[in-house]
Structures are given as C-alpha cells and as structure tokens.
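The working numbering puts the sequence shown at residues 8 to 146.
C-beta: ideal position from N, C-alpha, C; glycine also.
Owing to the predicted nature of the structure, the values given are computational and were not obtained by experimental measurement.
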Amino acid sequence: MECKFDKSLLQALIDNTIEPLELIFLAEHLKVCQQCRNELEELYSVDQAIKSLFNDDFEYGDKLSVITELTVHNIYAQSEEKMKLKDIISDTVRMNNIIIENSTRFLKYVPGILFIRRKAREKYRYVRKSISLIGKNAK
C-alpha cells in the first residue's frame, strides 16, 4: 500500500526548513511508516552525495547570486556598447512620439471637442490677423 503522506516534508527535514509543528507530525508518522523511513534514508544519502561533491564552506546562495548579478551586468554592458548614440536618440524620439500619440487619443472621446477645436481655430485666426496688422503698423 502506498503512503499518502506529504513527501515534501521529508525534503524539508533534510534541508532544515521544516516548521516545528510539521516536524512533530513527521516524527510521529516516521514511527509507523517504513516506506517513508526508507525514502527519507534515500533522500538523505542523495543529499550527502551532492554535498560531498562541493566544499562545505562554499556558500551556494551567495556565490550564485553574485554570478547571476555579474552575468546580467555583463550582458547589459555589452548591449550598451553596441548601441550607438544615434540609436539611443532615435529610440527616444520614437518612444516620445508613441507616448504623445497615445496620450492624445482620449481627446476624440471628450464631449464637446469639435466645438473646442472650432473655437480654437477662430481664436488662432483672430490672433494671427492681429499680429499681421500690428506688423504692418510698425513699418
């Protein structure tokens, strides 16, 4: 008969990440379940074999995070070197155009926008006409 007990607790015990209450349940279960005891022994032997391949004072998490950070930094630096100033400027201009285009799309849905545009054109014509008259009087 196959045991239905949560096998992840066995690995948590080996990794020393098991919660105290879970440890109590697991200890009681291991007293009566030979299958889980066997599996725990197998997991423990695999864990010991893997640990024996590495130096015990080697800090896996710290070294791995440093390697990951350096790799990402190198990839980013290489991509920056390849990108010319012209490319940066053209990308910036393109992104600004997209932002402006998208930020003004809502205007066509504003109530009364046609009235506002018509009044703005009329005002612009009036201001332009006034400026041209002032320019003629100044000569």
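### Message
How far does the alpha helix (DSSP H) with residue 44 in it extend, from its first residue to its last?
### Response
For the purposes of this step, residue 44 is identified with residue 37 of the sequence shown, where counting begins at 1. Counting along the chain, the alpha helix (DSSP H) containing residue 44 begins and ends at 41 to 60.
### Query
Considering only the beta carbon of each residue, do residue 11 and residue 46 sit closer than 8 Å?
On the sequence shown, residue 11 is found 4 positions in, with the first residue counted as 1. On the sequence shown, residue 46 is found 39 positions in, with the first residue counted as 1. It is not a contact, given that the beta carbons lie outside the stated cut-off.
### Query
Since residue 43 and residue 50 are thought to touch, with beta carbons under 8 Å apart, how far apart are those beta carbons, to the nearest angstrom?
Here residue 43 corresponds to residue number 36 of the sequence shown, with the count starting at 1. Here residue 50 corresponds to residue number 43 of the sequence shown, with the count starting at 1. About 10 Å separates the two Cβ atoms, so there is no contact after all.
### Task
Under 8 Å Cβ to Cβ from residue 104, same chain only, skipping five residues before and after it: list those, please.
Against the sequence shown, residue 104 aligns to sequence position 97. Closer than 8 Å at the Cβ level, and outside the excluded window around residue 104, lies no residue.
### Straight-line gap, residue 94 to residue 79 (C-alpha atoms, nearest Å)
In the sequence shown, residue 94 corresponds to position 87, counting from 1. In the sequence shown, residue 79 corresponds to position 72, counting from 1. About 22 Å.
### Query
Who are the near neighbours of residue 18 in its chain, counting only those whose CB is closer than 8 Å to its CB and skipping five residues on each side?
Locating residue 18 in the sequence shown gives position 11, counting from the first residue. Counting only Cβ-Cβ distances below 8 Å, and skipping sequence neighbours, we find 50.
### Task
Using beta-carbon positions only, say whether residue 35 and residue 16 come within less than 8 Å of one another.
What you label residue 35 is simply residue 28 of the sequence shown in a count that begins at 1. What you label residue 16 is simply residue 9 of the sequence shown in a count that begins at 1. Contact: no.
### Query
To the nearest angstrom, how far is it from the Cα of residue 120 to the Cα of residue 126?
Taking the sequence shown and counting its residues from 1, one reaches residue 120 at position 113. Taking the sequence shown and counting its residues from 1, one reaches residue 126 at position 119. Those two C-alpha atoms are separated by around 10 Å.
### Message
In this structure, how does DSSP classify residue 21 when only helix, strand and coil are distinguished?
### Response
Working through the sequence shown from its first residue, we reach residue 21 at position 14. In the structure shown, residue 21 sits in a helix (DSSP, three-state: H, G or I).
### Task
Check residue 13 in the structure and name its three-state DSSP category.
Along the sequence shown, read from residue 1 onward, the residue named residue 13 stands at position 6. Of the three classes helix, strand and coil, the one that applies to residue 13 here is coil, per DSSP.
### Query
Are the beta-carbon atoms belonging to residue 54 and residue 21 less than 8 Å from one another?
Residue 54 sits at position 47 when you count from the first residue of the sequence shown. Residue 21 sits at position 14 when you count from the first residue of the sequence shown. Against a cut-off of 8 Å, the Cβ pair of residue 21 and residue 54 comes out as a contact.
### Message
Which of the three DSSP states is assigned to residue 27 in this structure?
### Response
Taking the sequence shown and counting its residues from 1, the one referred to as residue 27 is at position 20. Reduced to three states, the DSSP call for residue 27 is helix.
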